[in-house]
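A.B. asks: Numbering (the UniProt record's numbering), first residue to last: 1 to 204.
The beta carbon of each residue, even a glycine, is placed where N, CA and C say it ideally should be.
#1: Could you give the distance in angstroms between the alpha-carbon of residue 45 and the alpha-carbon of residue 94?
#2: Assuming residue 7 and residue 42 are in contact, meaning their beta carbons sit under 8 Å apart, how far apart are those beta carbons, in whole angstroms?
#3: Could you give the residue range of the alpha helix (DSSP H) that holds residue 205?
#4: With distances taken from CA atoms, which of 158, 180, 156 and 113 is nearest residue 146?
#5: At the level of alpha carbons, what is the spacing between residue 89 and residue 154?
#6: Contact check, residue 98 vs residue 23 under 8 Å by CB: the rounded distance?
#7: What are the residues that DSSP puts in a beta bridge with residue 60?
#8: If you measure between the beta carbons of residue 194 and residue 158, is that distance less than 9 Å?
#9: Compute the Euclidean distance between the alpha carbons of residue 47 and residue 196, then round it to the nearest angstrom.
#10: Quick check: the Cα distance between residue 80 and residue 170, rounded to an integer number of angstroms?
#11: Compare the beta carbon distance of residue 52 and residue 40 with 9 Å and say whether it is the shorter of the two.
#12: Can you pull the DSSP bridge partners for residue 25?
#13: Residue 83 lies in the alpha helix (DSSP H); which residues open and close that run?
#14: My assumption, with CB atoms under 8 Å, is that residue 65 sits in contact with residue 32. Please give the rounded CB distance.
#15: By how many angstroms is the C-alpha of residue 61 removed from the C-alpha of residue 84?
#16: Tell me, which residues are paired with residue 111 by DSSP?
#17: Whose C-beta lies closer than 8 Å to the C-beta of residue 214 among residues of the same chain, with five residues either side of it excluded?
#18: Quick one: what does DSSP say residue 20 is sitting in, helix, strand or coil?
#19: Would you list the one or two residues that DSSP bridges to residue 35?
#20: First and last residue of the alpha helix (DSSP H) that includes residue 163?
#21: Using CA coordinates, which residue listed in 69, 35, 189 and 100 is at the minimum distance from residue 109?
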C-alpha cells in the first residue's frame with residue numbers, strides 16, 4: 001500500500017514478527033502478551049487537522065487479530081490500568097477510519113492512569129513543538145525547556161510556578177530568554193491574583 005511504502009522510507013524495526021499496516025500507522029503485534037511490540041506512524045500537517053472526532057470512536061479488539069490472541073476491553077475492567085494509545089488518536093484527524101483504527105486494542109498498552117492522562121498525553125502532543133513538516137529532533141535540554149515552558153501556563157499558584165523553575169534548575173538546565181519572559185509574566189500575574197485574594201479576605 002502507499003502508506004506502507006511511506007512508512008518504509010523511514011525504516012521498520014528489525015525485531016518483531018509480521019508488520020501490520022493500517023491507514024496511518026503500522027505495528028508488530030506480540031500475540032503472547034497481547035500488546036504491540038512497537039508502533040510506527042507518520043505525522044504531517046494535513047493529518048493532524050480535519051473533522052475526525054474521537055467521540056465517535058470506541059476501544060475494540062482488532063478485527064485482524066484472531067480472538068485467541070487478542071486483548072479485550074474486559075481485560076482492563078477493575079485492573080487499575082487505563083488503555084494507552086501508542087499511535088495517538090489526535091494524529092489522525094484527517095480520517096475517521098484512521099482515527100478509529102488507533103482505538104483497536106492492538107495499538108493499546110496498559111498504562112498507569114496518571115501517566116496516560118498526564119506525562120504520555122503531553123508527549124503525544126509533542127507535534128505542537130514546531131511546524132510538523134519541518135520538525136527537528138530535540139536534545140534533552142531543548143525538550144525539557146519546551147515542557148517546562150508549557151508548565152508555566154498551567155501553574156495556578158506562585159508555589160507551583162516556582163516548582164517549575166526549581167525542577168529545571170535541578171536538571172542542570174539554564175532557562176533561556178523565552179522561558180524567563182513567560183515565567184516573569186506569569187509570576188507577576190499570580191502574585192497579583194494572590195494579593196487580590198488576601199485583600200478580599202481582609203475586607204470580608
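C.D. replies: Answer, in terms of the structure:
#1: CA-CA distance, residue 45 to residue 94, rounds to 10 Å.
#2: With a beta-carbon spacing of about 6 Å, residue 7 and residue 42 fall inside the 8 Å limit used to define contacts.
#3: Since the first and last residues shown for the chain are 1 and 204, residue 205 lies out of range.
#4: Distances from the CA of residue 146 to each of 158, 180, 156 and 113 were compared; the closest alpha carbon is that of 180.
#5: Residue 89 and residue 154: Cα-Cα distance of roughly 23 Å.
#6: Rounded, the Cβ-Cβ distance is 4 Å, consistent with contact.
#7: Residue 60 is bridged by DSSP to 104.
#8: Yes, Cβ-Cβ distance for residue 194 and residue 158 is below 9 Å.
#9: Distance from the CA atom of residue 47 to the CA atom of residue 196, rounded to whole angstroms, is 45 Å.
#10: Rounded to the nearest angstrom, the two C-alpha atoms are 32 Å apart.
#11: Using a Cβ distance threshold of 9 Å, residue 52 and residue 40 do not count as a contacting pair.
#12: Looking at the DSSP assignment, residue 25 forms a beta bridge with 41.
#13: Taken as a continuous stretch (DSSP letters only), residue 83 belongs to no alpha helix (DSSP H), being part of the beta strand (DSSP E) at 82–85.
#14: Not quite, the Cβ-Cβ distance comes to about 13 Å (not below 8 Å), so this is no contact.
#15: Rounded to the nearest whole angstrom, the C-alpha separation of residue 84 and residue 61 is 14 Å.
#16: Residue pairing for residue 111: DSSP places it in a beta bridge opposite 82.
#17: Coverage of the chain is limited to positions 1 through 204, which leaves residue 214 absent and any answer about it impossible.
#18: Strand, per DSSP.
#19: According to DSSP, residue 35 bridges with 30.
#20: First-last of the alpha helix (DSSP H) with residue 163: 158–170.
#21: Residue 109 has its Cα closest to that of 35, out of 69, 35, 189 and 100.
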